[in-house]
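Residue numbers (the working numbering), protein chains in the order written: chain Y, 218 to 393; chain E, 67 to 611. Even for Gly, the Cβ is constructed at its ideal location relative to N, Cα and C. Quantities reported herein were computed from a predicted structural model and do not represent experimental measurements. Reviewing the structure listed below.
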């Protein structure tokens, strides 16, 4: 069945376009004027200049794994991020921490943790779902490689990118 | 309408709706049957009900009695109730005439919230590392009755963690809610009273008797029964989170009992097998041996492609054609076939067809036996001896024709041997005998002593990798289902047999699906008449053999 579409009733000024063209031109000329006086920077000279210092706190860059102040990899390989990840970029192989180990109380750790950055969509669900505050989307955004394998981030790479994060909940400490 | 219930049935009102239940039904079961699931930890229908977790609290109402000691009737002609002003456990209470139950009133909800809070006061924050997560009753009922924040500010009680209380079971006492299901199972079902509760008050914990281990062949059932993550399987420990597992209903093939199982697999890897309830076969249990008897299917040694001796490379077509050529050159009395009681009915049926095409050479299956126990394990370790007998693959007494085959090979009379899913050295043959054979066609999962001498190795599929049916020791027809794909280009046994028959007869057999094989079998075998693979259903069909 055909739909009857109601067309807007244009005024004469709208029909001849010119007032709109002039209004647009005014904005453009305004920008030009401000630029000529050196008041706006329109172009950033990337990569000599970078966004990095302007990135907001909530910026979502590449996902990384973090260690806590005791040097423990915070991830316990609960695999919730692997489950939630929409493009299935995450792969975890759990391992067991031996009973005598310094962190033996935690029992579980990721033996392997891979994120395929060619699949990652930077959605941040892994960080949101993590019950251990172990995975964070930090500010690295310029990921490049000359081979696909270079964008397969393994555990070592993810930990190196993540660094040490302090001030998190330490629920595995003995006192609790 | 009369209020009189038929004999042995009683009228019970559950959340305002009247139902009828047989006398002796527990209130918790009556509620479940009425569609009102009552949360529970300690109650299990196959164990005694000590009523110690207190989670299944409901509010009960007794019929109000008039001065004449008869129930007072309301305007609807049904009894009016006196509600008990507190809650009662529903697991240890039988239904009675005129009883009324409220499963979701405010007082019931408040009670359950309080009980759950108590159960959780010493519970650790282990969910991320706990194997039970995802199928944990504490998690599930916390979702319904739990609180987001803990009010507990005292020191939590410390208990032993990661204790190997048996060769296959790991205990985490901090997670335990002391429901005693494991204790009751070991006492009442496994008859090996080895676990108990020690210490007092909040220091109560599960422990095994000194110098004992939880090493019964049924120990892993305690892991299934444990509603929380206190008892976990050492084999499954940290292998995979439960929510990733794709569950396939199948049966165990480790003995003639044929326990119903659920195979948990993810991406072509089987991670665990758990029992599936079937009142006619295994109730809710299965033995540890059967449960863990799947790791060999993931061995790195699995045969991946057909091999023909002397040929550099063989695809299926070439391998089957070469095997058929070798068999065609021989007379029926020069051929022998050793089938297996581990094959499905469909495979055995096709093996019988193959025998017919070869002119009925001598054949038998190898009998595997062990020690039976009182609960589930059968002495016959072949899952489908009954099927082999029914389809004529076995001698009257399984294994009785094997010495004849062995002497035939030794004497040089038998020149070709077909072995389906067995190791011929289990049939009384020695390696020198196998070496004598002109043709040795073997279907197998793994390399064994027979495949070393084989002229044709045809890689087959394991029980988690194929569909089919088997008949257990009581004559129950049950179904296997495919959970994962076979590795490499290994094929289902029935496809191999169809291929071999087609290569022998140089014609098309007409079998393209296993359903068609079953259909042909049910047309030929009177005991299976009228059945199909889908009619077997998840719980199987009792045959009259």
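Inset, instruction - State the start and end residues of the unbroken beta strand (DSSP E) segment that holds residue 335(E). - result: Here residue 335(E) refers to the residue found at position 269 of the second chain. Its beta strand (DSSP E) spans residues 335-341.
Inset, instruction - Pair every Cβ in the region 588-604 of chain E with every Cβ in the region 432-447 of chain E, then say whether three or more of these pairs are closer than 8 Å. - result: no
Legend entry - DSSP state of residue 534(E) mapped onto helix, strand, coil: For the purposes of this step, residue 534(E) is taken as residue 468 along the second chain, with counting starting at 1. It is a strand residue.
Legend entry - Neighbouring residues, chain Y, relative to residue 152(E) (Cβ below 9 Å): Walking along the second chain from the start, residue 152(E) turns up at place 86. Simply none; closest approach about 36 Å.
Legend entry - CB contact below 8 Å: residue 338(E) versus chain Y: As a working mapping, residue 338(E) is identified with position 272 in the second chain. Not an interface residue.
Inset, instruction - Determine the direct distance from the alpha carbon of residue 110(E) to that of residue 163(E), and round the result to whole angstroms. - result: Numbered from 1 along the second chain, position 97 holds the residue referred to as residue 163(E). Numbered from 1 along the second chain, position 44 holds the residue referred to as residue 110(E). If you take the alpha carbons of residue 163(E) and residue 110(E), they lie about 24 Å apart.
Inset, instruction - Determine the extent of the alpha helix (DSSP H) in which residue 387(E) is found, giving its start and end residues. - result: Translated into the one-based positions of the second chain, residue 387(E) becomes position 321. 382-394 is the extent of the alpha helix (DSSP H) around residue 387(E).
Legend entry - Option in 333(Y), 350(Y), 313(Y) with minimal Cα separation from residue 305(Y): The count along the first chain starts at 1 and reaches residue 305(Y) at position 88. Among 333(Y), 350(Y), 313(Y), the Cα nearest to that of residue 305(Y) belongs to 333(Y).
Inset, instruction - Please name the residues in the region 166-198 of chain E whose beta-carbon is closer than 8 Å to at least one beta-carbon of chain Y, in chain order. - result: 191, 193, 194, 195
Inset, instruction - State yes or no: is the beta carbon of residue 304(E) nearer than 8 Å to at least one beta carbon in chain Y? - result: Locating residue 304(E) in the second chain gives position 238, counting from the first residue. Closer than 8 Å to some Cβ of chain Y, the Cβ of residue 304(E) qualifies, so yes.
Legend entry - Segment limits, beta strand (DSSP E) that includes residue 298(E): Here residue 298(E) is taken as the residue at index 232 of the second chain, counted from 1. Unbroken beta strand (DSSP E) run through residue 298(E): 297-299.
Inset, instruction - Could you tell me the distance, in whole angstroms, from the CA atom of residue 604(E) to the CA atom of residue 133(E)? - result: By 1-based counting over the second chain, the position of residue 604(E) is 538. By 1-based counting over the second chain, the position of residue 133(E) is 67. The straight-line gap from Cα to Cα measures roughly 54 Å.
Legend entry - Closer than 8 Å to chain E by CB, residue 296(Y): Working through the first chain from its first residue, we reach residue 296(Y) at position 79. Taking Cβ atoms only, chain E reaches closer than 8 Å to residue 296(Y), which makes this a yes.
Inset, instruction - Just list the beta strand (DSSP E) runs in the region 124-153 of chain E, keeping only unbroken ones of 3 residues or longer that don't cross its boundaries, in chain order. - result: 147-149
Inset, instruction - Figure out for me which residue from 389(E), 567(E), 369(E), 342(E) has the closest Cα to the Cα of residue 545(E). - result: As a first step, residue 545(E) must be located in the second chain, where it is residue number 479. The option with the nearest alpha carbon to residue 545(E) is 342(E).
Legend entry - Closer than 8 Å to chain E by CB, residue 353(Y): Residue numbering aside, residue 353(Y) sits at position 136 when the first chain is read from its first letter. Answer no: the Cβ-Cβ gap between residue 353(Y) and chain E never drops below 8 Å.
Inset, instruction - Tell me whether residue 553(E) sits in a helix, a strand or coil according to DSSP, three-state version. - result: As a first step, residue 553(E) is located in the second chain; it is residue number 487 there, counting from the start. It is coil, neither helix nor strand.
Inset, instruction - Kindly indicate which three-state DSSP category residue 377(Y) falls into: helix, strand or coil? - result: Here residue 377(Y) is taken as the residue at index 160 of the first chain, counted from 1. In the structure shown, residue 377(Y) sits in a helix (DSSP, three-state: H, G or I).
Inset, instruction - Would you tell me roughly how many angstroms separate the C-alpha atoms of residue 286(E) and residue 326(E), rounded to the nearest one? - result: Residue 286(E) sits at position 220 when you count from the first residue of the second chain. Residue 326(E) sits at position 260 when you count from the first residue of the second chain. Those two C-alpha atoms are separated by around 15 Å.
Legend entry - Range of the contiguous beta strand (DSSP E) that encloses residue 508(E): Your numbering for residue 508(E) matches position 442 in the second chain. 505-510 is the span of the beta strand (DSSP E), which, as asked, contains residue 508(E).
Legend entry - residue 431(E) (DSSP reduced to helix, strand or coil): Looking up residue 431(E) in the second chain gives position 365. Reduced to three states, the DSSP call for residue 431(E) is strand.
Inset, instruction - Step through the CB atoms of chain E and report whether any lies within less than 8 Å of the CB of residue 316(Y). - result: Reading the first chain from its first residue, position 99 is the one you call residue 316(Y). Judged by the 8 Å Cβ criterion, residue 316(Y) is in contact with chain E.
Inset, instruction - Output the distance between the C-alpha atoms of residue 377(E) and residue 399(E), rounded to the nearest integer angstrom. - result: As a working mapping, residue 377(E) is identified with position 311 in the second chain. As a working mapping, residue 399(E) is identified with position 333 in the second chain. Distance between the alpha carbons of residue 377(E) and residue 399(E): 27 Å.
Inset, instruction - Confirm, please, whether the CB-CB distance from residue 412(E) to residue 587(E) is below 8 Å. - result: Numbered from 1 along the second chain, position 521 holds the residue referred to as residue 587(E). Numbered from 1 along the second chain, position 346 holds the residue referred to as residue 412(E). Their beta carbons are under 8 Å apart, which means residue 587(E) touches residue 412(E) by this criterion.
Legend entry - Sheet register partners of residue 607(E) (DSSP bridge): Stepping through the second chain from its first residue, residue 607(E) is reached at position 541. In DSSP, residue 607(E) forms a bridge with 543(E).
Inset, instruction - Give a yes or no on whether 8 Å exceeds the smallest Cβ distance from residue 92(E) to chain Y. - result: Mapped onto the second chain, residue 92(E) falls at position 26. Not one chain Y Cβ lies under 8 Å of residue 92(E).
Inset, instruction - Report yes if the CB atom of residue 330(Y) is closer than 8 Å to the CB atom of residue 283(Y), and no otherwise. - result: By 1-based counting over the first chain, the position of residue 330(Y) is 113. By 1-based counting over the first chain, the position of residue 283(Y) is 66. Result no, Cβ atoms of residue 330(Y) and residue 283(Y) do not sit closer than 8 Å.
Inset, instruction - Within the same chain, show all residues whose beta-carbon is closer than 8 Å to that of residue 279(E), passing over the 5 residues directly before and after it, in chain order. - result: If you number the second chain from 1, residue 279(E) lands on position 213. Around residue 279(E): 231, 232, 233, 260.
Inset, instruction - Rounded to whole angstroms, what's the CA-CA distance from residue 496(E) to residue 571(E)? Just pull it up for me. - result: Counting from 1 along the second chain, the entry for residue 496(E) is found at position 430. Counting from 1 along the second chain, the entry for residue 571(E) is found at position 505. Answer to the nearest angstrom: the Cα atoms are 32 Å apart.
Legend entry - residue 389(E): CB within 7 Å of a non-hydrogen atom of the ligand HEM: This structure lacks the ligand HEM; in fact it carries no ligand of any kind.
Legend entry - Contact with chain E by residue 267(Y), beta-carbon distance below 8 Å: What you label residue 267(Y) is simply residue 50 of the first chain in a count that begins at 1. False, the Cβ-Cβ gap to chain E never drops below 8 Å.
Legend entry - Helix, strand or coil at residue 230(E) [DSSP, three-state]: Along the second chain, read from residue 1 onward, the residue named residue 230(E) stands at position 164. DSSP places residue 230(E) in strand when its eight states are reduced to three.
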